[in-house]
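Engineer: Numbering (full-length UniProt numbering), first residue to last: 1 to 716. Take this structure, written in structure tokens, and hold onto it; I'll ask about it next.
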């Protein structure tokens with residue numbers, strides 16, 4: 001390397017033959033000699049021109065002349081001194097330049113020696129010294145560009161060389177085997193081989209190769225990049241699958257003098273979501289193995305000593321904790337309040353999990369989002385419960401309403417037995433005193449109300465509405481033993497159920513309520529059933545609800561539900577009224593009923609019903625005409641030749657196809673008629689108008705939901 005520096009300096013023209021030390025010494029001696037000459041000159045002049053007292057004027061002239069000589073000499077000395085000072089500064093700069101070059105040369109030589117011996121820490125430090133020397137040369141304003149460029153290129157090459165060697169060593173420490181595809185079974189091909197960092201060959205050397213690699217990577221600024229890339233692969237191909245899939249487990253196999261192998265295995269399980277304790281165990285198994293073989297080492301100086309696990313923890317903890325919450329803890333939230341007490345075990349497991357991570361250095365801090373989520377179980381339970389309840393309620397509201405159950409005056413909502421609240425004993429005693437007081441006041445001719453007073457009359461309601469009320473009762477039962485915040489949230493969720501019913505059901509079933517009279521009547525009963533029970537719903541749970549006095553609970557919703565049921569019923573009545581008016585429009589205003597024709601028309605308008613027997617006989621007559629009518633077209637003696645003319649009957653008889661379609665309708669069911677209508681594009685639509693077809697359907701079929709549905713499809 002010294003020859004390289006010599007060549008660079010020689011090419012730049014900076015070396016001189018004279019020794020710098022000798023040159024500086026000569027300059028110093030020259031300055032001293034000049035000073036002595038000036039002093040002698042002044043003394044000679046002073047003695048030579050020493051005047052007597054008689055020649056004062058001559059003396060003054062001599063003094064003036066001497067002063068001028070002195071000034072001239074002083075100026076010469078100052079100029080010479082400035083030149084010498086400038087030369088000295090240049091020489092000093094040259095010395096500094098040579099010193100930096102010498103330091104660079106020494107550092108590079110030490111770097112190569114350490115790199116060859118795999119002493120990566122020394123190599124990294126020496127490379128840093130060489131880089132500092134180059135930086136110092138760059139700061140020198142008179143540095144020739146070829147010199148700086150040459151040294152900069154050299155330091156860059158050596159940095160890449162060191163980085164390459166460290167990368168090779170790092171790859172030997174952690175070897176990944178990754179799957180080519182992503183599926184449940186592809187993760188079984190994932191494996192991580194952890195090789196121990198061996199010694200440097202000399203048994204007397206106390207430190208192993210692994211700490212040397214880590215320290216060198218840290219000095220080079222490459223350690224964070226390596227750990228970041230490793231952490232991304234670790235989370236994506238090992239930790240995340242272990243968290244998401246309950247069937248995946250991690251297996252650790254030790255290899256003597258080589259290290260360990262982490263691999264994923266599959267086990268049989270029926271669980272859809274992973275259990276928190278299993279997830280924590282699997283994650284800790286991976287991280288403990290890494291800590292023992294790779295990331296438990298320290299790097300840095302004594303003042304700033306740090307574990308590699310701290311870097312890995314900082315990089316993967318946030319994403320890993322979010323994954324545990326999303327894929328595990330969310331699904332571990334209890335379905336009902338009775339299981340909340342058991343969840344303390346999950347909180348304890350989470351605390352132990354984080355404590356283990358802190359001991360290994362993966363986690364720093366007292367409270368994390370993961371532990372906060374586990375401890376805030378009451379809030380999460382309420383949110384999940386409310387979400388599940390709303391989803392279940394909406395499913396009931398959008399289900400079929402035809403399935404009904406009979407409601408009698410004896411029907412009561414099934415409310416579970418509730419524990420007595422604080423202060424309940426006092427209230428019961430006061431209530432007993434009041435009853436005793438009233439019992440003492442016997443009234444003459446005492447009359448009692450009927451047991452059915454304030455009860456719903458016998459009716460039928462949708463089975464889904466009955467289930468909806470049961471869902472509301474079940475949700476309100478969850479407030480017992482819940483936190484105040486949870487209880488209030490559950491209470492307002494039940495209110496939201498009825499608000500949702502008020503908005504969803506009339507909109508979702510709107511068309512059916514107008515087309516199907518039976519369904520409209522059921523909706524009327526449903527609304528009255530809900531309104532009836534909303535009068536008292538909630539008061540049973542009053543001791544367990546942290547609500548202010550004066551809260552209406554559900555009573556304020558009663559008028560709205562009554563109006564909702566009445567509107568649906570009145571709308572259907574209007575539809576029925578319009579249909580009756582349409583049928584009676586042909587009754588000739590019921591005038592002159594003594595006339596047989598008028599009476600017949602009015603009677604048909606009122607009844608509008610073709611019996612099955614009539615329909616069958618009409619079909620038979622139509623079919624006879626269809627089959628035998630064409631036979632009258634026989635102009636030729638040969639019957640076979642007459643078929644041509646018989647097939648042309650529709651050409652000459654304009655209503656022939658109408659007759660054939662009527663015959664079909666008289667023998668068809670509702671679905672066959674709808675199919676032949678084909679949304680106004682079928683054969684029936686060619687022969688009949690919408691009103692004609694609807695009238696024929698009303699005449700042939702009874703008023704049922706299926707008939708109403710068929711009528712709704714007769715449009716063009």
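Even glycine gets a Cβ: it sits at the ideal position worked out from N, Cα and C.
(1) Under a CB-based cut-off of 8 Å, is residue 472 close to chain B?
(2) If residue 565 and residue 523 are in contact, beta carbons under 8 Å, what's the gap, nearest whole angstrom?
(3) Going straight from the alpha carbon of residue 98 to that of residue 115, what length do you get?
(4) Can you grab the Cα-Cα spacing for the pair residue 617 / residue 516, in whole Å?
(5) Our contact map puts residue 701 next to residue 670 with C-beta atoms below 8 Å; I'd like the distance itself, whole angstroms only.
(6) Looking at the unbroken beta strand (DSSP E) that takes in residue 266, where does it start and where does it end?
(7) Drop a sphere of 10 angstroms on the beta-carbon of residue 221, count the other beta-carbons inside from all chains shown, and report buried for 16 or more, exposed for fewer.
(8) Where do the N-terminal and C-terminal ends of the beta strand (DSSP E) with residue 460 fall, by residue?
(9) Measure the CB-CB distance between residue 261 and residue 191 and report whether it falls below 8 Å.
(10) Of all the options 388, 511, 403 and 404, which has the alpha carbon lying nearest to the alpha carbon of residue 474?
(11) Which residues bound the beta strand (DSSP E) around residue 703?
(12) Nearest by alpha-carbon distance to residue 337: which of 501, 79 and 478 is it?
(13) Return the first residue and the last residue of the beta strand (DSSP E) that residue 405 is part of.
(14) My output table needs one value for residue 82: the three-state DSSP class, helix, strand or coil.
(15) Give me, in chain order, the residues of the same chain whose beta-carbon lies closer than 7 Å to that of residue 558; leave out the 5 immediate sequence neighbours on both sides.
(16) Below 8 Å, how does it come out for the segment 170–182 and the segment 122–136: are there three or more Cβ pairs, yes or no?
(17) To which residues does DSSP link residue 192 through a beta bridge?
(18) Figure out for me which residue from 579, 683, 659 and 393 has the closest Cα to the Cα of residue 699.
(19) Would you mind reading off the limits of the alpha helix (DSSP H) that contains residue 289?
(20) Around the C-beta of residue 291, are 16 or more other C-beta atoms found within 10 angstroms, so that it is buried, or is it exposed?
(21) Measure from the alpha carbon of residue 108 to the alpha carbon of each residue in 161, 79, 138 and 92, then state which is nearest.
(22) Tell me where the alpha helix (DSSP H) around residue 238 begins and ends.
(23) Do residue 665 and residue 656 have their CB atoms nearer than 8 Å?
(24) With C-beta atoms as the reference, is residue 705 less than 8 Å away from residue 509?
(25) Got a sec, what are the start and stop residues for the alpha helix (DSSP H) residue 513 sits in?
(26) Are residue 323 and residue 273 closer than 8 Å when you measure CB to CB?
(27) For residue 253, write down the residues that DSSP places opposite it in a beta bridge.
(28) Compare the C-alpha of residue 332 against each of 346, 659 and 240 and name the closest.
(29) For residue 424 and residue 401, I'd like the C-alpha separation in whole angstroms.
(30) Could you tell me which of 341, 371, 358 and 672 sits nearest to residue 321, measuring between CA atoms?
Structural biologist: The relevant details are as follows:
(1) The structure shown contains no chain B; it holds only a single protein chain.
(2) Residue 565 to residue 523, Cβ: 7 Å. Contact.
(3) Rounded to the nearest whole angstrom, the C-alpha separation of residue 98 and residue 115 is 26 Å.
(4) If I take the Cα positions, the gap works out to 30 Å.
(5) Going by Cβ atoms, the distance from residue 701 to residue 670 rounds to 6 Å, so yes, they are a contact pair.
(6) Counting along the chain, the beta strand (DSSP E) containing residue 266 begins and ends at 259–266.
(7) Flag for residue 221 reads exposed.
(8) Per DSSP, residue 460 belongs to the beta strand (DSSP E) from 459–462.
(9) The answer is yes: Cβ separation under 8 Å.
(10) Looking at the Cα atoms, 388 is the closest of the given residues.
(11) Segment: none, residue 703 is in no beta strand (DSSP E) and carries neither H nor E.
(12) Residue 337 has its Cα closest to that of 478, out of 501, 79 and 478.
(13) Residue range 404–407 is occupied by the beta strand (DSSP E) that includes residue 405.
(14) Looking at residue 82 - three-state DSSP - the assignment turns out to be helix.
(15) Once the five neighbours on either side are set aside, the close Cβ partners of residue 558 are 531, 534 and 535.
(16) The segment 170–182 is not in contact with the segment 122–136.
(17) Per DSSP, 176 and 262.
(18) Answer by Cα proximity: 579.
(19) Per DSSP, residue 289 belongs to the alpha helix (DSSP H) from 276–290.
(20) Buried.
(21) The residue with the shortest Cα to Cα distance from residue 108 is 161.
(22) That residue, residue 238, is in no alpha helix (DSSP H); it is neither H nor E in DSSP.
(23) A distance of 8 Å or more separates the beta carbons of residue 665 and residue 656.
(24) For the pair residue 705 and residue 509, the CB atoms are not nearer than the 8 Å cut-off.
(25) From DSSP, the alpha helix (DSSP H) with residue 513 extends over 510–515.
(26) No, Cβ-Cβ distance for residue 323 and residue 273 is not below 8 Å.
(27) 261.
(28) From the listed residues 346, 659 and 240, the smallest Cα separation to residue 332 is found for 346.
(29) At residue 424, the pLDDT of 46 sits below 50, so the modelled position is not reliable and the matter cannot be decided from this model.
(30) Check the Cα spacing between residue 321 and each of 341, 371, 358 and 672: the tightest is with 371.
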